[in-house]
Amino acid sequence: MAMVATSARDTGKTGTAKAWRPARSTIVSIVSVAVFFILWQVAPDLGWVNGRFTSQPSQVFLAAIEVLLNDDFFYHARISLTEFFLGFALALVVSIPLGVLLGTSQTARYLIDPPLMALYIAPTLVLLPILVVWLGIGMASKVAVVFLGALFPIVVNTMAGMREADPKLIRAARSFGASRLDVFVRILVPGSLPSILTGIRLAVGRAVLGVVVGELFVSQAGIGYQLNTYGSAMRIDRLLVYALVVSAFGYTLTVLVRALEGRVRTWRPE
Amino acid sequence: MMMDIFMRRQALILGTLSLVTIVVLWQLVVDFGIVNPFFISTPGAVWQEFLVQLNDGSLLTNILATLYSFALALGLAVAVGIGLGMLSGWFQDVEAALEPFIWFKYSAPTVAFYPLFIAWLGYGTPTIVAIAFLFALTPIYANTLSGIKNVDRDLKRAAISFGARPYDIFFRVALPGSVPVIVAGLRLGVGRALTGVVVAELFGANAGLGYSIAYYAQMLQTNRMMVPIVAVILLGVILTQALSYVEKKTDAWRVTHDN
Amino acid sequence: MAEIEIRNLGIDYRKPNSDELFAAVDNVNLSVGEGEFVSIVGSSGCGKSTLLLSVAGLVKITRGSITIGGKTVTGPGPDRAVVFQDASLLPWRTVLGNVRFGLEMQRWTGGDLTKQAMSMIKLVGLARFADYYPHQLSGGMRQRVNIARALAVDPEVLLMDEPFGALDAQTREIMGGELLRIWESDKKTALFVTHDIDEAIFLSDKIVVMGRNPGHVKEVITVDLPRPRTPEILDSERFTEFRRRLRAHLAADMAGMHFMEEAA
Ligand SMILES: Nc1ncnc2c1ncn2[C@@H]1O[C@H](COP(=O)(O)OP(=O)(O)O)[C@@H](O)[C@H]1O
Ligand SMILES: [Mg+2]
């Protein structure tokens, strides 16, 4: 984690073909993480904290192996992943066209702005219990929560991206005889892509949150279900394994979208 | 200018229109038997239920319970987030030492650790506050950090030319210059703190808006459930709008007129 | 007392994205007498700001030395004040707050801060605008604030880095006249960076022409036009003569620059 975090900032600082020499900040980050893990490992052994409540890195590591080998891990992961990707795909299909419409039509925007903003700002997760009432305790209610969580960030950012497009550029294109479709495909889409990706990145965070909250609230299977199980059983080591899996998933997706965002932004002339 | 007022009025009219339409449609689909009121209730029934919950005091109790946890969590997040953010913005080593943990916090959904907090703190306010605190911490910390760290170089140089010491640069240049960014972080933090409180209340509490939503959901009482849901949404909008207003105020000097 | 002596000055910077150093200015020798107004002109990037900021104590001297009134420069000091471009005003402070800022930083002990600041604000003609914020002022007014802030600490040397660089031609001319009026009231030693030839001639006793790669002094021209100067001298024959000489210098430098670029 430390490596990724600091190297992102360091890129471009050293361009020469010199021997690689870690930056001070990288060393500090590594030391800091190492100290954390060492403290976590020795604190229960030395009786500073009750190991029953904190577990230990070594235990978590062993638990991770157990979980992967025989804990129906892949079954639960598949359920959660399905909920996540179904909800997210639905959100993409609905939100981008909606954002485009709202970004290009002022009347539509004025009409929908107040409820849209309210739902963007307010915690959509409060709708979870009513979704459960509607859709039951199975996967459908989680798909719906993911959908709602992911929807609004993408709509709002797509909308913003459409409106960001440079009017001068549009006028110039029109003066060369570009049709509305041309303007849309050649100017609006590439112009708003970075903004849309920003929306998708924010949506990933909310969607992961949605799956976990949905499953923790009520479920029969999934990562959140396992979190609940091991929480009540006080199996902190296994609980942490599942929590770390979710974190790693969110982290990986976020980094991927961010990388894509970075590439798209560099295409765009400032 | 005229155009501006016209547009704003148009936005207001159309916006109100859409809200009214939603409420009317909601009532009509039930009245015409298209949707079973058990699922979505009706505006009329929700209004009745609102009056009931208002009169028996339960609505106010729940709002206050939620606001109490919210205030505690936000207060903690502000103290810790701004404190650590200032240290990290000023001392590169502090930033580097905290960075891996902050990155982890960014990507990890805090609620995944909810059962852990239950194990540590038990059901109730401490766990709710802890979850909401962690929800709100990240944007407040990150914005403070970037505000202090990206102190305007021209201003810093001007201060140094008059003999400013590091202490002066921090308190007279970096900190006042960061106020708008920090307030923007607070606005995000407010929304997240509220989400955190309500979500944690959904899972386990004995009062609060989230608790009452979950409670009525278990009873399958949609009418009653809608009242706290609407209350949470309104609370979120009001709190965020209030912070947006403060943000605009503190940001006033950023406006540059090229004349 | 406040004469500036620059001896064999060299300043190295790090090249972007590498550990290599290059000389931004080298072998600069320059004397500025007490109460003299000296301008530095030269093409963009030739090291004018670097030279000025080294006198201010804001960049590290690599070789040689700078002394002011016999004292060696090692950092910023209360004997000098810098007028920057307008981006250096604190946007959250009013005009009064900004002019007080320099005094506060210096722990000024010469009396009431607000009174001192107000008298400078009056001097630059902004008395009515004391509680305006920078964004409410025009570019010219912001530069008056910058000048007032520098004068408020009563420095012996006034250092100015293209203070009117962001202004339109007309405002610029007015500000030049204002600066002269203010300067003539107590004739502080002044070092003034500009790329405007007319401005340099109009204001200065001496003009330092700098060349590039690395920045060096090509020539020092003494401008012996009588003072106080009025806008009429802009049309005088002697003024035109100075203008021609300076143009020739700068044009030669531009040609050199072109050549360098092709070679690179
Ligand atoms: N802080 C710095 N670090 C590295 N190079 C610099 C720095 N400041 C200026 N330079 C470089 O030094 C040269 C002289 O810059 P400067 O003194 O600003 O020129 P001028 O003021 O005449 O335009 C330029 O090539 C510029 O890019
Ligand atoms: Mg310069």
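Protein chains in written order, with the numbering used here: chain A, 243 to 512; chain L, 16 to 274; chain Z, 14 to 277. Note that beta-carbon positions come from the ideal geometry of N, C-alpha and C, so glycine has one too.
As a quick exercise: from the options, pick the residue whose alpha carbon is nearest that of residue i.
i         : options                                       : result
Pro299(A) : Leu482(A), Ser267(A), Val455(A) and Pro371(A) : Leu482(A)
Ala333(A) : Tyr484(A), Gly452(A) and Gly504(A)            : Gly452(A)
Thr127(Z) : Asn42(Z), Leu66(Z) and Val112(Z)              : Val112(Z)
Ile269(A) : Trp62(L), Thr237(L), Lys120(L) and Val109(L)  : Val109(L)
Phe132(L) : Arg507(A), Val506(A), Leu469(A) and Val499(A) : Leu469(A)
Asp313(A) : Ala463(A), Met381(A) and Arg351(A)            : Ala463(A)
Val95(Z)  : Arg258(Z), Gln156(Z) and Ile24(Z)             : Gln156(Z)
Gly77(Z)  : Ala100(Z), Gly60(Z), Asn40(Z) and Asn30(Z)    : Asn40(Z)
Val205(L) : Gly90(L), Arg239(L), Phe218(L) and Ala157(L)  : Gly90(L)
Met381(A) : Leu458(A), Leu288(A), Ala475(A) and Ile272(A) : Leu458(A)
Gln119(Z) : Val39(L), Glu216(L), Met101(L) and Arg180(L)  : Arg180(L)
Leu217(L) : Thr76(L), Trp105(L), Tyr138(L) and Leu34(L)   : Tyr138(L)
Ala165(Z) : Gly115(Z), Ala182(Z), Ile17(Z) and Ser217(Z)  : Gly115(Z)
Leu263(Z) : Ile220(Z), Val158(Z) and Asp248(Z)            : Ile220(Z)
Ser274(A) : Gln63(L), Val39(L), Glu64(L) and Phe116(L)    : Phe116(L)
Ala402(A) : Asp355(A), Ala265(A) and Ala305(A)            : Asp355(A)
Ile321(A) : Tyr467(A), Gly473(A), Glu503(A) and Val284(A) : Tyr467(A)
Just the C-alpha distance for residue i and residue j, rounded to the nearest angstrom, thanks.
i         : j         : result
Arg251(A) : Lys28(Z)  : The predicted position of Arg251(A) is uncertain, since its pLDDT is 35 and thus under 50; a value taken from the coordinates is nonetheless stated next. Whole-angstrom Cα-Cα distance: 19 Å.
Leu64(Z)  : Ala140(Z) : 34 Å
Ala247(A) : Ala112(L) : Interpretation of Ala247(A) is limited by its pLDDT of 31, a score under 50 that renders its predicted location unreliable; the figure taken from the coordinates is listed afterwards. So the alpha carbons of these two residues sit roughly 11 Å apart.
Ala123(L) : Val487(A) : 9 Å
Met133(Z) : Trp196(Z) : 12 Å
Val454(A) : Lys120(L) : 15 Å
Ser267(A) : Trp268(L) : 34 Å
Ser103(L) : Lys164(L) : 8 Å
Leu310(A) : Ala319(A) : 11 Å
Asp209(Z) : Val54(Z)  : 8 Å
Ala244(A) : Thr496(A) : Residue confidence for Ala244(A) is low, a pLDDT of 31 falling below 50, so the modelled location carries little weight and cannot support an answer.
Val51(Z)  : Lys171(L) : 26 Å
Glu212(Z) : Gly70(Z)  : 25 Å
Ile55(L)  : Val460(A) : 20 Å
Gly225(L) : Gly378(A) : 19 Å
Val166(L) : Ala157(L) : 14 Å
Ile465(A) : Ile244(L) : 27 Å
Ala130(Z) : Ala100(Z) : 20 Å
Lys84(Z)  : Arg263(A) : 41 Å
Val499(A) : Leu340(A) : 21 Å
Phe326(A) : Thr494(A) : 14 Å
Met154(Z) : Ile234(Z) : 31 Å
Leu328(A) : Leu367(A) : 17 Å
Gln25(L)  : Leu344(A) : 15 Å
Gly30(L)  : Pro58(L)  : 18 Å
Ser249(A) : Val50(L)  : Confidence is the limiting factor: at Ser249(A) the pLDDT is only 32, short of 50, which leaves the residue's position unreliable and the question unanswerable from this model.
Using the beta-carbon of each residue, which ones in chain Z are nearer than 7 Å to residue i?
i         : result
Gly162(L) : Within chain Z, no residue comes near Gly162(L); the closest Cβ sits about 13 Å away, beyond 7 Å.
Ile175(L) : Leu71 and Pro89
Identify the contact partners of residue i in chain A, using a Cβ-Cβ distance below 7 Å as the criterion.
i         : result
Ile155(L) : In chain order: nothing, as chain A lies at least about 16 Å away.
Trp62(L)  : Here the premise fails: no neighbours, minimum Cβ distance about 17 Å.
Met240(L) : Pro371 and Ile372
Under 9 Å Cβ-Cβ, which residues of chain A neighbour residue i?
i         : result
Ser193(L) : Under the 9 Å cutoff, chain A gives no residues; its nearest Cβ is about 19 Å from Ser193(L).
Run down chain L in chain order and give the residues with a C-beta less than 7 Å from the C-beta of residue i.
i         : result
Gly46(Z)  : Correct list: empty, because the minimum Cβ distance to chain L is about 23 Å.
Ala360(A) : Ile248 and Val252
Leu238(Z) : None at all; the shortest Cβ gap to chain L is about 31 Å.
Val388(A) : Ordered by position in chain L, no residue passes the 7 Å Cβ test against Val388(A), which lies about 12 Å from the chain.
Just the chain L side, please: which residues come within less than 9 Å of residue i by C-beta, in chain order?
i         : result
Phe97(Z)  : Asp169, Arg172, Ala173 and Ser176
Asp355(A) : Ala26, Leu29, Gly30 and Ser33
Which bits of chain L does residue i rub up against, with CB to CB less than 8 Å?
i         : result
Val450(A) : Pro124
Gly115(Z) : Phe177
Ala143(Z) : Near Ala143(Z) there are no residues of chain L at all, since even the closest Cβ is about 16 Å away, more than 8 Å.
Check the Cβ of residue i against every Cβ in chain Z and list those closer than 8 Å, keeping chain order.
i         : result
Ala179(L) : Met118
Three or more C-beta pairs closer than 8 Å, one from the segment 147-155 of chain Z and one from the segment 88-107 of chain Z: is that the case here? yes
Residues near ligand 1, criterion Cβ-heavy atom distance below 5 Å: Tyr26(Z), Ala37(Z), Ser57(Z), Gly58(Z), Cys59(Z), Gly60(Z), Lys61(Z), Ser62(Z) and Thr63(Z)
Taking one C-beta from the segment 142-150 of chain L and one from the segment 82-91 of chain L each time, how about it: are there three or more such pairs within less than 8 Å? yes
Using 8 Å as the Cβ pair cut-off and three pairs as the minimum, do the segment 390-397 of chain A and the segment 332-352 of chain A touch? yes
With contact counted as at least three CB pairs below 8 Å, one residue from each stretch, are the segment 363-377 of chain A and the segment 227-243 of chain L in contact? yes
At least three beta-carbon pairs within less than 8 Å, the segment 147-158 of chain L to the segment 90-104 of chain L: yes
Contact between the segment 394-414 of chain A and the segment 353-365 of chain A is defined here as three or more beta-carbon pairs at a separation below 8 Å; is this criterion met? yes
Would you say the segment 195-202 of chain L touches the segment 254-261 of chain L, given that touching needs at least three Cβ pairs under 8 Å? yes
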